[in-house]
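*Asks:* Residue numbers (the numbering used here): 63 to 344.
From the three backbone atoms N, C-alpha and C, an ideal C-beta is built for every residue, glycine too.
The following block contains the structure:
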């Protein structure tokens, strides 16, 4: 709310409307339509600071009249105003010249119509196209005829509506890097620490299968409930294991600063079972 102190007898405006803009210095309040209008109404000119552009002829103002966005930003599927008003009531907004209106109300360039790539969020810019897109058959969805990037094939995500870009994938055994885990026959790789962590990360949910038989790598701490967590998350006063086994009484009784802690070349890590080293001990 733009309000003034009771003892202020300056010539500044005495309005207290919550919709008004208060100048950065002093106590003056001005109507919102005077913000970013190209004229300095505040003595410190704060009503014209941070304006993305002059609002003369502005079609859409947002964020309490502090921003003016061009017509092409309206209903384009992206929020340019922090209040999201540029993506509201898109059904009644007409697109600018040389722009195509998607069925969703989004506006995209006419040059993107039937180019083989979906630019509308509902893919309507690639529907009912008379000529096939100019892309190789192996990089084209067989039913929708949309074009694909080569790196989209067998990347673990469906880019074609029928999922055909993820079928008949031949995987390389060395696809996943060290400290990564391959999601079964899928080409998706996840961090090794995500395996049996209680959360589904693979698209096929296989990373949480047979977790009771899981043995964590030597560089990770194994929870009593089966998860593998980084040693830095153990004895940090925050529960990271489902059974809370990473935060036991041993954390307070035995730690790396105690005289009984091992003298090691690497890092000493606190655990509920006492301090351990991540490297060779002397």
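Going by alpha carbons, who is nearest to residue 214 out of 225, 273 and 241?
*Replies:* Comparing Cα-Cα distances from residue 214 to each of 225, 273 and 241, the minimum goes to 225.
*Asks:* Can you confirm whether the segment 200 to 213 touches the segment 177 to 189 when touching is taken to mean that 3 or more C-beta pairs between the two stretches lie within less than 8 Å?
*Replies:* Touching, per the Cβ criterion.
*Asks:* Please list, in chain order, all residues of the same chain as residue 313 whose beta carbon is under 7 Å from its beta carbon, the five residues on each side excluded.
*Replies:* Once the five neighbours on either side are set aside, the close Cβ partners of residue 313 are 297, 332 and 334.
*Asks:* Just confirm the distance between the C-beta atoms of residue 265 and residue 248, as a whole number of angstroms; I'd bet it's less than 8 Å.
*Replies:* Contact flag correct, Cβ pair sits at about 6 Å.
*Asks:* If you drop the 5 nearest sequence neighbours on each side, which residues of the same chain put their C-beta closer than 6 Å to that of residue 142?
*Replies:* 131, 135 and 148.
*Asks:* Distance check for residue 271 and residue 283, CA to CA, integer angstroms please.
*Replies:* Distance between the alpha carbons of residue 283 and residue 271: 19 Å.
*Asks:* Using only the alpha-carbon positions, how far apart do residue 227 and residue 219 sit?
*Replies:* If I take the Cα positions, the gap works out to 8 Å.
*Asks:* Under 7 Å Cβ to Cβ from residue 71, same chain only, skipping five residues before and after it: list those, please.
*Replies:* Note that residue 71 has pLDDT 34, beneath the 50 cutoff, so the model's placement of it is unreliable and the number below is only indicative. The answer is none, since no qualifying residue turns up.
*Asks:* May I ask you to report which of helix, strand or coil DSSP gives residue 279?
*Replies:* Residue 279: coil per DSSP, three-state reduction.
*Asks:* In the structure shown, what three-state DSSP assignment does residue 293 receive?
*Replies:* Here residue 293 sits in helix by DSSP.
*Asks:* Would you mind stating whether residue 346 and residue 318 have Cβ atoms separated by less than 8 Å?
*Replies:* Since the displayed the chain opens at 63 and closes at 344, residue 346 lies outside it and no answer follows.
*Asks:* Rounding to the nearest angstrom, what Cα-Cα distance links residue 221 and residue 252 in this structure?
*Replies:* Residue 221 and residue 252: Cα-Cα distance of roughly 20 Å.
*Asks:* Please work out which residues of its chain come closer than 6 Å, Cβ to Cβ, to residue 157, disregarding the five sequence neighbours upstream and downstream, and give them in chain order.
*Replies:* So the qualifying residues of the chain are 163 and 169.
*Asks:* In terms of DSSP beta bridges, what is residue 162 paired with?
*Replies:* 170, per the DSSP bridge assignment.
*Asks:* If we ignore side chains and look at the alpha-carbon of each, how far apart do residue 188 and residue 173 end up?
*Replies:* Computed Cα separation, rounded: 12 Å.
*Asks:* By the DSSP assignment, the beta strand (DSSP E) with residue 198 in it spans what residues?
*Replies:* Residue 198 -> no beta strand (DSSP E), and no H or E assigned at all.
*Asks:* Please report the distance separating the alpha-carbon of residue 198 from that of residue 81.
*Replies:* Their Cα atoms are separated by approximately 56 Å.
*Asks:* Buried or exposed: which applies to residue 244, given that a residue is buried once 16 or more other Cβ atoms fall within 10 Å of its Cβ?
*Replies:* Its Cβ being crowded by 16 or more others within 10 Å, residue 244 is buried.
*Asks:* Does the separation of the CB atoms of residue 91 and residue 108 fall below 8 Å?
*Replies:* No, the pair does not count as a contact, with Cβ atoms beyond the cut-off.
*Asks:* From residue 95 to residue 146, what does the alpha carbon distance come to, in whole angstroms?
*Replies:* When rounded, the distance between both Cα atoms is 19 Å.
*Asks:* So what's residue 98 in DSSP terms, helix, strand or just coil?
*Replies:* In this structure, residue 98 counts as coil in the three-state DSSP scheme.
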